[in-house]
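> Residue numbering for the sequence shown follows the working numbering, starting at 22 and increasing by one per position.
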Amino acid sequence: MDIPLKDAITIIDSVKTLDWYSIWLWLSIALPIYYITFKKIIPEKPAITNIQEPIAAPIPEIPKKSLVSKLGSFLFTIPLIEPIFLYLCLAMFLVGTCVLVVGQQKKQTIRNQGWMLKNYMLSKYLYSMSQSNIRDETKLTFCEMKKIAEQYPNEFGINYGYYKDTVVVLVDDIPRKALLERSEKILASYLRNPYVLSKDSMKSFAVLFSQNNIYTYDVVYKLIVDSGYKYTFNLNKINNPEAGFGIVKSNAP
Numbered sequence: 022m023d024i025p026l027k028d029a030i031t032i033i034d035s036v037k038t039l040d041w042y043s044i045w046l047w048l049s050i051a052l053p054i055y056y057i058t059f060k061k062i063i064p065e066k067p068a069i070t071n072i073q074e075p076i077a078a079p080i081p082e083i084p085k086k087s088l089v090s091k092l093g094s095f096l097f098t099i100p101l102i103e104p105i106f107l108y109l110c111l112a113m114f115l116v117g118t119c120v121l122v123v124g125q126q127k128k129q130t131i132r133n134q135g136w137m138l139k140n141y142m143l144s145k146y147l148y149s150m151s152q153s154n155i156r157d158e159t160k161l162t163f164c165e166m167k168k169i170a171e172q173y174p175n176e177f178g179i180n181y182g183y184y185k186d187t188v189v190v191l192v193d194d195i196p197r198k199a200l201l202e203r204s205e206k207i208l209a210s211y212l213r214n215p216y217v218l219s220k221d222s223m224k225s226f227a228v229l230f231s232q233n234n235i236y237t238y239d240v241v242y243k244l245i246v247d248s249g250y251k252y253t254f255n256l257n258k259i260n261n262p263e264a265g266f267g268i269v270k271s272n273a274p
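Here is the structure:
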């Protein structure tokens, strides 16, 4: 089997971490070591010595064997046990190498999909996207999204049932912080328009979220905290708490 030098180096690096793709290769290397070690520690059969030569030589007494010695004698006296074992390990090594190569290709595919998803979210200035939007706009399936989040937990997270839909969140601190700050500035600029939000009016969160997908609870709360009391929030309808929260302009200067 022809393996390029780059793939060979990748395989060696992959063996350093034990996972489902490298387990067969690990076994093919570890089993011969255990086999040789076990064979070396089995005590050899002690020599039979006659203490004294009687007139009629008695039948020499066979020394008792330990359990390990009996097991070792049984295993290593079976014909062709070592060649068969070596062929088995060699077969496992070949199978393990093939499985590892396939696993590396799958990991690379997931890596490419993760980069594509992250770059798409950054280009759209989004730190979170619903599963349905990702499926429609990037053609990634939910299973592929889960694999991306599992392989790169420091980059992506999944919120199940968020807004009645599963949401993929960008959890990488640096781009997430930059996106939140940018979205906060856009929201602040939008709310400064007196026709959008006057001092005696209220803008419900539901209306904000429907107007632009970069407006989220995180962005609204960040604006309220960072605004120096210029904005606050209140119930959208005092007599109807189920209607949700809304953002209002504070009377503070």
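Even glycine gets a Cβ: it sits at the ideal position worked out from N, Cα and C.
At which residues does the beta strand (DSSP E) containing Asn180 begin and terminate?
Here residue 180 corresponds to residue number 159 of the sequence shown, with the count starting at 1. Note, Asn180: beta strand (DSSP E), 177 to 180.
> Can you look up Lys220 in the DSSP assignment and give me helix, strand or coil?
As a working note, residue 220 is residue 199 in the sequence shown. Here Lys220 sits in coil by DSSP.
> Just mark Ile155 as buried or exposed, buried being the case when its beta carbon has 16 or more other beta carbons within 10 Å.
For the purposes of this step, residue 155 is taken as the residue at position 134 of the sequence shown. Buried, because 16 or more other Cβ atoms sit within 10 Å of the Cβ of Ile155.
> Which residue or residues does DSSP assign as beta-bridge partners of Val189?
Position 168 of the sequence shown holds residue 189. DSSP lists Met150, Ile179 as partners of Val189.
> Quick check: what's the CA-CA separation for Asp157 versus Asp239?
The residue you call residue 157 lines up with position 136 of the sequence shown. The residue you call residue 239 lines up with position 218 of the sequence shown. The alpha-carbon atoms of Asp157 and Asp239 are separated by roughly 24 Å.
> Among Lys224, Asn234, Asn233, Tyr236, which one has its Cα closest to the Cα of Thr253?
Here residue 253 refers to the residue found at position 232 of the sequence shown. Closest by alpha carbon: Lys224.
> Please return the same chain residues whose Cβ sits closer than 6 Å to the Cβ of Leu229, not counting the five positions on each side in sequence.
Taking the first residue of the sequence shown as position 1, residue 229 is located at position 208. These residues qualify, in order along the chain: Tyr236.
> Beta carbon of Ile179, beta carbon of Lys167: below 8 Å?
Numbered from 1 along the sequence shown, position 158 holds the residue referred to as residue 179. Numbered from 1 along the sequence shown, position 146 holds the residue referred to as residue 167. Closer than 8 Å, so yes.
> For a test of the three-state rule: what should DSSP assign to Thr253, helix, strand or coil?
As a position in the sequence shown, residue 253 is number 232, starting the count at 1. Three-state DSSP puts Thr253 in a strand.
> Quick check: the Cα distance between Ser248 and Ser222, rounded to an integer number of angstroms?
In the sequence shown, counting from the first residue as 1, residue 248 sits at position 227. In the sequence shown, counting from the first residue as 1, residue 222 sits at position 201. Cα to Cα, Ser248 sits roughly 18 Å from Ser222.
> Along the chain, where does the beta strand (DSSP E) that runs through Ile268 open and close?
Here residue 268 refers to the residue found at position 247 of the sequence shown. It spans 266 to 270 - the beta strand (DSSP E) in which Ile268 sits, taken as one unbroken run.
> So which of Met142, Leu147, Thr58, Leu52 has the shortest CA-CA distance to Leu109?
Numbered from 1 along the sequence shown, position 88 holds the residue referred to as residue 109. Taking only the C-alpha atoms, the option nearest Leu109 is Leu52.
> Leu121 to Met113, Cα distance in whole Å?
As a working mapping, residue 121 is identified with position 100 in the sequence shown. As a working mapping, residue 113 is identified with position 92 in the sequence shown. Between Leu121 and Met113, the C-alpha separation is close to 12 Å.
> Whole angstroms are fine: how far does the CA of Tyr146 sit from the CA of Ser204?
In the sequence shown, the residue the question calls residue 204 occupies position 183. In the sequence shown, the residue the question calls residue 146 occupies position 125. When rounded, the distance between both Cα atoms is 8 Å.
> Of the residues Leu143, Gln134, Val192, which one's Cα is nearest the Cα of Glu165?
Taking the sequence shown and counting its residues from 1, the one referred to as residue 165 is at position 144. Residue Gln134 is the option with its Cα nearest to Glu165.
> Note down the Cα distance separating Leu191 from Tyr181, rounded to an integer number of angstroms.
As a working mapping, residue 191 is identified with position 170 in the sequence shown. As a working mapping, residue 181 is identified with position 160 in the sequence shown. Spanning the two alpha carbons is a distance of roughly 14 Å.
> Could you tell me the alpha carbon to alpha carbon distance between Lys255 and Thr162, rounded to whole angstroms?
Indexing the sequence shown from 1 puts residue 255 at position 234. Indexing the sequence shown from 1 puts residue 162 at position 141. Sequence inspection shows Asn at residue 255; the Lys mentioned does not correspond to that position. Pairing Asn255 with Thr162, the inter-Cα distance amounts to about 39 Å.
> Within 10 angstroms of the Cβ of Gln152, are there 16 or more other Cβ atoms? Answer buried if so, exposed if not.
As a working note, residue 152 is residue 131 in the sequence shown. Counting Cβ neighbours within 10 Å, Gln152 comes out buried, since at least 16 surround it.
> Of the residues Ser231, Leu46, Lys220, which one's Cα is nearest the Cα of Val123?
On the sequence shown, position 102 is the one that residue 123 refers to. Per the Cα distances, Leu46.
> Is Met142 closer than 8 Å to Val188 when the C-beta atoms are compared?
To locate residue 188, count along the sequence shown from 1; it is residue 167. To locate residue 142, count along the sequence shown from 1; it is residue 121. Result no, Cβ atoms of Val188 and Met142 do not sit closer than 8 Å.
> Suppose you measure from the CA of Lys10 to the CA of Leu48; what does that come to, to the nearest Å?
There is simply no residue 10 to check, as the chain begins at 22 and stops at 274 in what is shown.
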